[in-house]
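Going by my numbering, the sequence shown opens with residue 57, and the numbers climb by one from there.
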Amino acid sequence: METLADIGEDELIRRLVRGLKQDASVIAGPGDDCAVVKGSRDLLLLKTDTVVEGVHFTPDTPGRLVGRKAMARVISDFAAMAATPRHALITLIAPPQTAVKRVLEVYAGLRAMAESFGVNIVGGETSTGSQLILTVSMTGTAPNQKWVSRNRARAGDALYVTGRLGGSIRGRHLRFHPRMQEAHWISRHLPVHAMMDISDGLAKDLPRLAAASGLGFSVDLPSLPRSPGCTPEQAWGDGEDYELLLAISARTPRKQLAAWHTAFPKLPLTRIGTLVEKHAAPLATPGGWEHFR
Ligand SMILES: Nc1ncnc2c1ncn2[C@@H]1O[C@H](COP(=O)(O)OP(=O)(O)OP(=O)(O)O)[C@@H](O)[C@H]1O
Ligand SMILES: Cc1ncc(C[n+]2csc(CCOP(=O)(O)O)c2C)c(N)n1
Ligand SMILES: [Mg+2]
């Protein structure tokens, strides 16, 4: 088996970036001290995110899915802002004994996901360490200065989620689809006040969204849209759903909400609760992912 120790850093990078597809915004991609891309008059958005072997995937996870997940998680954050991802830097850390084939597969997953969302991989960094770690840093734009924050929600707003929650560890955490089209549709068609993607579980992310606007929440656990075979507690706490959580005006006309089902007939948009004044919030059920405890 050919390992990273056999081919060395420069040859690895050469193989990783060979034939990378880039659009006309890229002036200088991998190969120089920095990447150079054309700027834009739109707002610039920035995000970085890491996946770690043993935390976000295992040594058995196919390389392609590791790369897919690493790229899709960041794209999902751009979706959560109703923004457009554009340029990515990839930091790859791997033990010397890693098979070259595995790293090439990881990169194939990164590249396929990037291409399908119009993201240019323009550079990165390669180093060694005790396990496989992949960091994707990305820039994006908010056309017409329009983006959706987490913190403009108001008491009384209705809480909705896209898709179904829970059980992601059975495979969906590796194969989810960032809700990009859906998020842009929401920002265009609904009076959305706050939005985020669900990575640590509703149990963690809903309190974050509410707190960002200085509010509390009331949620009906049995009403959560669930993945097949999941309990409400799993839908609440499992995490890595990468679905959208949004707060919209309680006065949204029913017709506007019904238009969702025409636009996305296969994906539910479900009312799960309400944002309330902090002092009026019922006690929340604990749960969700936490890295350090
Ligand atoms: N080490 C750090 N230094 C500075 N800011 C950080 C650091 N880690 C996280 N943050 C910031 O804290 C906020 C929450 O980080 P987190 O990674 O939980 O993002 P998220 O979007 O809530 O979750 P996810 O990345 O799983 O979607 C983000 O705005 C992030 O930029
Ligand atoms: C091997 C393995 N063990 C556990 C999990 C579950 N998991 C890991 S990180 C995370 C929250 C999101 O991460 P972050 O907070 O970094 O965005 C969850 C739910 C997994 N996917 N693979
Ligand atoms: Mg997020």
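A virtual CB, placed ideally from N, CA and C, is assigned to each residue, including glycine.
For this session: Would you decide whether Phe-348 is buried or exposed? Buried here means 16 or more other CB atoms lie within 10 Å of its CB.
Result: exposed
For this session: Using the DSSP secondary-structure output, state which residues sit across from Gly-182 in a beta bridge.
Result: The sequence given here places Thr at residue 182; Gly does not occur at that position. Leu-148, per the DSSP bridge assignment.
Problem set entry | Segment limits, alpha helix (DSSP H) that includes Ser-243 | For Ser-243, the enclosing alpha helix (DSSP H) has its first and last residue at 236-245.
Exercise. Since Ala-84 sits in a beta bridge, which residues does DSSP pair it with?
Worked result: Residue pairing from DSSP places Ala-84 in a beta bridge opposite Val-92.
For this session: Please classify Thr-197: does DSSP put it in a helix, a strand, or coil?
Result: strand
Problem set entry | Under the three-state DSSP convention, the category Met-251 falls into | strand
For this session: Please determine if the stretch 249-258 and the stretch 328-348 are in contact, where contact requires at least 3 C-beta pairs separated by less than 8 Å.
Result: yes
Problem set entry | Minimum C-alpha distance to Phe-113 - residue among Pro-234, His-229, Ala-267, Leu-265 | His-229
Problem set entry | Proximity test, Asp-297 beta-carbon vs ligand 3 heavy atom, cut-off 7 Å | no
Problem set entry | Any non-hydrogen atom of ligand 2 closer than 7 Å to Ile-225 Cβ | yes
Problem set entry | Validate contact between the stretch 101-119 and the stretch 208-220 using beta carbons, cut 8 Å, 3 pairs | No, the stretch 101-119 is not in contact with the stretch 208-220.
For this session: Taking 5 Å as the limit, tell me which residues put their C-beta closer than that to any heavy atom of ligand 4, in chain order.
Result: Of the ligands one can find in the structure shown, namely ligand 1, ligand 2 and ligand 3, none is ligand 4.
For this session: Look up Tyr-298 in the DSSP assignment and say whether it is helix, strand or coil.
Result: Correct three-state label for Tyr-298: coil.
Problem set entry | Close-in-space but distant-in-sequence residues of the same chain around Ser-193 (CB under 6 Å, 5 per side omitted) | Thr-104, Leu-145
Exercise. Could you check where the beta strand (DSSP E) with Val-175 kicks off and where it finishes?
Worked result: Taken as a continuous stretch (DSSP letters only), Val-175 belongs to no beta strand (DSSP E), as it is neither H nor E.
For this session: Output the boundary residues of the beta strand (DSSP E) element that contains Glu-333.
Result: Per DSSP, Glu-333 belongs to the beta strand (DSSP E) from 325-333.
For this session: Pick helix, strand or coil for Lys-260, following the three-state DSSP scheme.
Result: helix
Exercise. Count the other CB atoms within 10 Å of the CB of Thr-154; is the residue buried (16 or more) or exposed (fewer)?
Worked result: By the Cβ-count criterion, Thr-154 is buried, with 16 or more other Cβ atoms from all chains shown falling within 10 Å of its own Cβ.
Exercise. Does the beta-carbon of Asn-176 have 16 or more other beta-carbons within 10 angstroms, so that it is buried, or is it exposed?
Worked result: buried
Problem set entry | Separation of Trp-316 from Ser-279, as counted between CA atoms | 19 Å
Problem set entry | Contacting residues, own chain, Cβ-Cβ under 7 Å from Leu-102 (five flanking each side not counted) | Correct list, in chain order: Thr-195.
Exercise. With respect to 7 Å, is the separation between the Cβ of Gly-255 and the closest non-hydrogen atom of ligand 2 below this value?
Worked result: It is Ser, not Gly, that sits at residue 255 in the sequence shown. Yes; taking the cut-off as 7 Å, the Cβ of Ser-255 has a heavy atom of ligand 2 nearer than that.
Problem set entry | Under the three-state DSSP convention, the category Pro-288 falls into | Residue state, collapsed to three classes: helix.
Problem set entry | Backbone CA spacing between Met-127 and Val-107 [nearest angstrom] | 10 Å
Exercise. Can Asp-105 be considered in contact with ligand 1, in the sense that its beta carbon sits closer than 7 Å to one or more heavy atoms?
Worked result: Yes, the Cβ of Asp-105 comes within 7 Å of a heavy atom of ligand 1.
For this session: Just mark Ile-149 as buried or exposed, buried being the case when its beta carbon has 16 or more other beta carbons within 10 Å.
Result: buried
For this session: Measure the Cβ-Cβ separation of Val-178 and Met-251 and say whether it is below 8 Å.
Result: no
Exercise. What is the DSSP secondary structure of Lys-77, reduced to helix, strand or coil?
Worked result: coil
Problem set entry | For Pro-338, the nearest candidate out of Ala-239, Pro-86, Leu-277 (CA to CA) | Checking every option, the nearest Cα to that of Pro-338 belongs to Leu-277.
Exercise. Across which residues does DSSP place His-143 in a beta bridge pair?
Worked result: Asn-176, Thr-195
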